[in-house]
Amino acid sequence: MKAKLLFTHALTPLHPGTGQGTGVIDLPIAREVATGIPYLPGSSLKGVLRDRYGDAEDSITLFGPKPGNISGDNSSASALQFTDQRLLLLPVRSLAGTFAWITSPFILQRFKRTLGYLDINDLPDVPQPNKEEAYTAVAPAIHLNNQVIIEDLDFTAVTDSEETNPTTRWANWISQYLFPNDAPGKGWRKTFNERFCIIHDDRLSFLLETATEVIARNVLDENKTSQNLWYEEALPAETVLVGLITAQPVGTNGMNPNDALNKVPDLIDGLTQLGGHATIGRGLCRLISVMNGG
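Reading the sequence shown from the start, the letters are residues 4 to 297 in my numbering.
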């Protein structure tokens with residue numbers, strides 16, 4: 004199996020919805036059942052990219068037939084397969100530096116496992132902060148008197164002293180692919196490294212419940228009287244998700260996996276709208292594909 008790594012960087016709040024909620028939030032975001040970690044379903048990504056590709060001659064080969072349009076001549080599976088885009092980095096407001104890009108050991112361990120499928124194995128160890136610590140890279144912007152204060156949580160700052168330390172290596176590795184047009188130590192790569200932060204898994208679980216955006220929306224009649232108040236949840240702007248696009252010959256599609264994956268950069272060029280509420284600006288994202296592997 005051949006594969007590409009795909010980053011999804013939300014530029015506006017992203018609503019990968021689940022339909023109707025059962026709690027206080029009427030329209031929650033999709034979360035993994037076991038971990039509570041937000042994700043964007045692979046089917047959402049595939050549908051958007053299929054529509055973008057249009058009715059090109061090889062559309063059915065790349066994406067498979069559309070539902071309800073399956074016949075004996077076009078019944079094979081798609082040449083491209085899209086995994087769910089799982090959370091990698093959650094932006095959380097910070098008392099210093101405006102906000103921090105937060106991740107945790109579990110998130111990084113899963114990411115490292117995914118990279119292993121691409122034969123990317125020269126990766127740093129995953130730091131293991133305790134519940135009172137926040138690990139940051141060299142020259143952080145989110146420190147305040149040797150503390151990192153995000154939302155209502157305060158942590159003891161543990162900062163790398165050298166570029167070769169694990170937290171800084173992770174920040175450098177992610178930022179070089181997330182912001183490929185910037186030079187090391189410049190632009191968004193510098194901004195990212197200054198705000199990259201690893202906290203304990205339990206602390207991240209708390210923030211996943213409290214640091215997402217919850218937006219109240221309303222329907223007013225001609226007299227400006229409320230007719231329907233509801234609450235919807237979204238992942239904040241600057242959230243980063245990650246997943247795989249894989250390719251393998253399936254059924255009779257007959258497309259070479261490398262040829263299929265070589266279509267990906269054109270598919271994801273420019274802004275892409277993902278998730279719900281497109282007409283009010285939700286879900287504008289950058290998609291960044293990274294090397295083939297597998």
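Beta carbons are placed, not taken as given, at the ideal position from N, Cα and C, and that holds for glycine.
Computed from a predicted structure; not experimentally measured.
Please name the residue or residues paired with Leu118 in a DSSP beta bridge. What you label residue 118 is simply residue 115 of the sequence shown in a count that begins at 1. Answer is none; Leu118 lacks a bridge partner.
So, is Asn261 buried or exposed, given that buried needs 16 or more other C-beta atoms within 10 angstroms? Working through the sequence shown from its first residue, we reach residue 261 at position 258. Looking at its Cβ environment, which holds fewer than 16 other Cβ atoms inside 10 Å, Asn261 is exposed.
The stretch 258 to 273 touching the stretch 59 to 68, judged by at least three CB pairs closer than 8 Å: yes
Select from Ser97, Lys266 and Pro252 the residue whose C-alpha is nearest the C-alpha of Ala59. Within the sequence shown, residue 59 is the residue found at index 56, counting from 1. Comparing Cα-Cα distances from Ala59 to each of Ser97, Lys266 and Pro252, the minimum goes to Lys266.
Cys200 beta carbon less than 8 Å from that of Ile110: Locating residue 110 in the sequence shown gives position 107, where the first residue counts as 1. Locating residue 200 in the sequence shown gives position 197, where the first residue counts as 1. Not in contact: Ile110 and Cys200 (Cβ atoms no closer than 8 Å).
Can you find at least 3 beta carbon pairs, one from the stretch 128 to 140 and one from the stretch 149 to 161, that sit closer than 8 Å? yes
If you scan the stretch 105 to 187 from start to end, which runs of the alpha helix (DSSP H) of 4 or more residues do you find wholly inside it? 108 to 120 and 169 to 181
Does the stretch 200 to 216 come close enough to the stretch 175 to 191 to have 3 or more Cβ pairs within less than 8 Å? no
Using the C-alpha atoms, what's the distance from Ile248 back to Ala258? Along the sequence shown, read from residue 1 onward, the residue named residue 258 stands at position 255. Along the sequence shown, read from residue 1 onward, the residue named residue 248 stands at position 245. The residue you asked about is not Ala; residue 258 is Met in the sequence shown. Between Met258 and Ile248, the C-alpha separation is close to 15 Å.
State the start and end residues of the unbroken beta strand (DSSP E) segment that holds Ser292. Locating residue 292 in the sequence shown gives position 289, counting from the first residue. First-last of the beta strand (DSSP E) with Ser292: Leu287 to Gly296.
Quick one: residues in its chain with C-beta nearer than 6 Å to the C-beta of Leu92, no 5 flanking neighbours on either side, listed in chain order? For the purposes of this step, residue 92 is taken as the residue at position 89 of the sequence shown. Here the set comprises Trp104, Thr106 and Val243.
Straight-line CA distance for Phe301 to Lys69? The requested residue 301 is not part of the displayed model; the chain covers only 4 to 297.
Based on the DSSP output, what are the partners of Phe102 in its beta bridges? Taking the first residue of the sequence shown as position 1, residue 102 is located at position 99. Partner(s): Arg96.
With Leu290 and Leu9 assumed to form a contact (beta carbons below 8 Å), what rounded beta-carbon distance in angstroms separates them? The residue you call residue 290 lines up with position 287 of the sequence shown. The residue you call residue 9 lines up with position 6 of the sequence shown. Contact flag correct, Cβ pair sits at about 6 Å.
Simplified DSSP state of Asn261, which is helix, strand or coil: Working through the sequence shown from its first residue, we reach residue 261 at position 258. Asn261 falls in the helix class under three-state DSSP.
Tell me the rounded alpha-carbon separation between Asn133 and Ile202. The sequence position of residue 133 within the sequence shown is 130, counting from 1. The sequence position of residue 202 within the sequence shown is 199, counting from 1. Rounded to the nearest angstrom, the two C-alpha atoms are 8 Å apart.
Best match in Gln84, Lys49 and Lys193 for proximity to Ile145 [C-alpha to C-alpha]: Counting from one through the sequence shown, the residue named residue 145 turns up at place 142. It is Lys193.
Own chain residues within Cβ distance below 7 Å of Val95, not counting five before or after: For the purposes of this step, residue 95 is identified with residue 92 of the sequence shown, where counting begins at 1. If we look at Val95 and ignore the five residues flanking it on each side, its Cβ neighbours are Phe102, Ala103, Ile105, Ile153, Glu154, Leu210 and Ala214.
Apply the 10 Å Cβ neighbour rule to Ser164 and answer buried if 16 or more other Cβ atoms are within range, or exposed otherwise. To locate residue 164, count along the sequence shown from 1; it is residue 161. When all chains shown are included, Ser164 counts as exposed.
Do Leu30 and Glu235 count as a contact pair if the criterion is CB distance below 8 Å? On the sequence shown, position 232 is the one that residue 235 refers to. On the sequence shown, position 27 is the one that residue 30 refers to. Cβ atoms of Glu235 and Leu30: closer than 8 Å.
Give me, in chain order, the residues of the same chain whose beta-carbon lies closer than 6 Å to that of His280; leave out the 5 immediate sequence neighbours on both sides. Within the sequence shown, numbered from 1, the residue matching residue 280 stands at position 277. Cβ neighbours of His280 beyond the five flanking positions: His18.
Can you tell me where the alpha helix (DSSP H) with Gly50 in it begins and where it stops? The residue you call residue 50 lines up with position 47 of the sequence shown. Its alpha helix (DSSP H) spans residues Gly45 to Tyr56.
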